Amino acid sequence: MTKIYVDKNDTAASIVEKIIDAGDATLLLYVPRFTKLASSVNNFRLLKREIDASGKSVEIESVDDDVLEMSKTVGIKSGNPFFKKNRRAVSDIVMVSEPAPRINVVHRRHNEPAHVHSEPEAETDEAPEIAQPVRERRHRKSFASPQINLPKFSVKSALSGIVVVGILVGTAVAATVILPKADIGITMDKINWDFNGSLYASTSVKDAVFSSGQARVPGVLLEKNKNMTAGYPATGSESVQRKAAGTITIYNGYSSDPQPLVKDTRFSSPDGKIFRITKALTIPGAKIIDNKIVPSAVEADVIADKAGAEYNIAPASFKVPGFQGTPKYDGFYGESKGAMTGGLIGVIKVATATDMANAKTAITKSVDNALRSEIALIVPQDIKILDGATRFTVTKIDTDKNADEAGNFKLTAYANIKMIGFRENDALLALEARLAEDVRLDLIRKGSLTASEAGNIIDLTLKEGYAFTYGAPKIDFDKKDMSISLKLHSVWTRAIDLEKFKAAIGGKKQKELASGPLPSPGIKSMNIKLWPFWVRTIPSNPAKISLDVR
């Protein structure tokens, strides 16, 4: 006799295929509780018809009363496997003596009507055309006048004179207003400024400032976590006896009272294989909803009573032998959703100490490279990350020296990477206040500032870029800050307001600008080009003045 296990989700058609494909003529069909097959008695009629057509002898085993009742209705032999055995009760269960309640079940159905709304369509009106009035043309009589002799006048000569005058006026306007323009090249005095000091970056700093002799800027902390699992070949071997293990769901369909179970409480499969729960637990009481009992459930880890591969069984239902002979035997039951695995008696591949050490080194390098690549993708473009400003840490490595069927054992590494950086523009901004003060004092020493200018802040413009040189960073990742030595070489010029400059020189003679004082501080020289060649005055219109500051 061949035993066929039916899955909860198997349809009647798929079960028929299993029966037809089975080589044995005598079959035992195990149907679990809450199966899709029990949703309709028509499924059992189809099953009965196809069994008769196949000529095979099929019997159904199930702990589900609905399955047994429908099987009996259509004429398929069936029975409960637990009623076929009479085992002695075991005293490893804490008993609750109250009897099960009797339940009445009520079903209700609700229907709601649907409503459809419609709106009328809008209508349009056309306006009538209005005829326009037509005016009549009236004719007047013409009267002859006496002929008068005037001097001869040439229209051609008059037109020629007007054209000549227009050309002269246009030329004058173009020469004085339209054509003149000025191209002015301005060369600014360069200010070389070097700084040799330190920089402090911290996530607690909100604004870039120069304080206590150092540039203080907002720090940016970047962090990423990753876990990685990898397999490595095992070179050792070991004789083992292992018990199969898995997880079952334990149901309380007996009472609304909770039921405690002690550690090692036994659960028996339909073929008598014993599995024990690994720790004590309490099954919650069943719920009563609409006068219907709804079983409560709790999951539990179980381990086989004995070692060996024969305990690697498929999903099955389980009974509690300790309840046998009492009303609780049918009210408490278990079901496994997955197969029991791990049962073995024999020699297996295992990792040696050398295998494990090499694997830890390899997986550490792999997760390090992966984390550095991933965090590089999230670093903003304007953030400066210095060499030495990164910390990689392996927080944990889970190991299993036992190899799988392919001879590989697995490691799982958990790692973290942190980076701290800053914006170089913030560093430059923090140093500008120090720079402006140094330049102001230098210009005062050179006598380049007037008395009124000496008390003002000097506006400067970065001209030819800058170059930072950093020392080795000192980082405290717990405080989220960093200190580094810093050198800066930069070239600046005095700032110039171009619109004010144009307003100041507009309408002035070229000679006046060439011989007089320069119109803005910080200018080294100017090169003025006027067009057309006869123009000697800077245009008053700012749009006609082109400036090139260098």
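Take any residue in the sequence shown, count from 1 to its spot, add 2: that is its number in the numbering used here.
Where a beta carbon is used, it is the ideal one built from N, C-alpha and C, also for glycine.
None of the values given here were measured: they were computed from a predicted structure.
Give me whichever residues DSSP pairs with A415 in a beta bridge.
-> M230, I399
Under the rule that 16 or more other beta-carbon atoms within 10 Å means buried, what is F320, buried or exposed?
-> buried
Does the beta carbon of H491 come closer than 8 Å to any beta carbon on chain C?
-> Absence of chain C from the displayed structure is noted, only one protein chain being present.
May I ask whether a heavy atom of the ligand SAM can be found less than 7 Å away from the beta carbon of A429?
-> The ligand SAM is absent from the structure shown, which contains no ligands of any kind.
Is S214 buried or exposed, if buried means 16 or more other CB atoms sit within 10 Å of its CB?
-> exposed
Could you pull the start and end residues of the beta strand (DSSP E) that K351 belongs to?
-> 346-352
Should V242 be labelled buried (16 or more other beta-carbon atoms within 10 Å of its own) or exposed?
-> exposed
Going along the chain, which unbroken runs of the beta strand (DSSP E) with 3 or more residues stay wholly within the region 27-51?
-> 28-32
Quickly, what does DSSP pair T539 with across the bridge? List them, please.
-> K511
Which residues bound the beta strand (DSSP E) around M528?
-> 525-533
Straight-line gap, D444 to A372 (C-alpha atoms, nearest Å) = 52 Å
Nearest-angstrom Cα separation, counted from P297 out to I290 = 9 Å
Note the first and the last residue of the continuous beta strand (DSSP E) segment covering N360.
-> That residue, N360, is in no beta strand (DSSP E); its alpha helix (DSSP H) goes 355-378.
Quick one: residues in its chain with C-beta nearer than 6 Å to the C-beta of F470, no 5 flanking neighbours on either side, listed in chain order?
-> L490
Taking the C-alpha atoms as reference points, what is the distance between G467 and E514?
-> 35 Å
In its own chain, which residues sit with a C-beta less than 6 Å from the C-beta of G344, not counting the 5 before and 5 after it?
-> R244, A246, A247
C-alpha gap between K281 and V304, whole angstroms | 9 Å
In three-state terms, what does DSSP make of A505?
-> helix
Per-residue burial, P182 [other beta carbons within 10 Å of its own, 16 or more giving buried] = buried
Go to Y331, then tell me how far its alpha helix (DSSP H) extends in each direction, as first and last residue.
-> 330-333
Buried or exposed by the 16-neighbour rule on C-beta atoms within 10 Å, applied to N198 | exposed
Could you give the residue range of the alpha helix (DSSP H) that holds S73?
-> 67-76
Drop a sphere of 10 angstroms on the beta-carbon of A174, count the other beta-carbons inside from all chains shown, and report buried for 16 or more, exposed for fewer.
-> Reliability of the predicted coordinates at A174 is poor, the pLDDT of 49 falling under 50, and the value obtained from them is presented with this limitation in mind. Exposed, since its Cβ has fewer than 16 Cβ neighbours within 10 Å.
Touching by the beta-carbon criterion (3+ pairs, under 8 Å), the region 267-287 and the region 224-238 | no
Close Cβ partners of I210 (< 6 Å) along its chain, the five nearest in sequence each way excluded | In the sequence as displayed, the identity of residue 210 is Ala instead of Ile. Answer for A210: V219, D428, L431, A432, listed in chain order.
Residue from S56, A55, L39 whose Cα sits closest to the Cα of L70 = L39
Mark A45 as exposed unless 16 or more other C-beta atoms lie within 10 angstroms of its C-beta, in which case mark it buried.
-> Going by the sequence as given, residue 45 is Asn instead of Ala. Its Cβ being crowded by 16 or more others within 10 Å, N45 is buried.
Less than 8 Å between the CB atoms is what I'm expecting for I422 and K482, so what's the real figure, rounded?
-> 7 Å
Can you tell me where the alpha helix (DSSP H) with E61 in it begins and where it stops?
-> E61 -> not in any alpha helix (DSSP H); beta strand (DSSP E) instead, spanning 59-63.
Name the residue from L30, G310, K510, F212 whose alpha carbon lies nearest to the alpha carbon of P272.
-> L30
Candidates M528, F479, T495: closest to S206 by CA position = F479
P534, buried or exposed, once every other Cβ within 10 Å from all chains shown has been counted against 16 | exposed
Under 8 Å by Cβ, that's how I've got I307 and I276 pegged, so tell me the actual separation to the nearest angstrom.
-> Per the sequence shown, the amino acid found at residue 307 is Asp instead of Ile. Contact holds; Cβ gap of about 4 Å.
G324 by DSSP, collapsed to three states: which one?
-> helix
Just the C-alpha distance for G221 and K208, rounded to the nearest angstrom, thanks.
-> 9 Å
Which term fits Q261, buried or exposed, when burial requires 16 or more other beta carbons within 10 angstroms of its beta carbon?
-> buried
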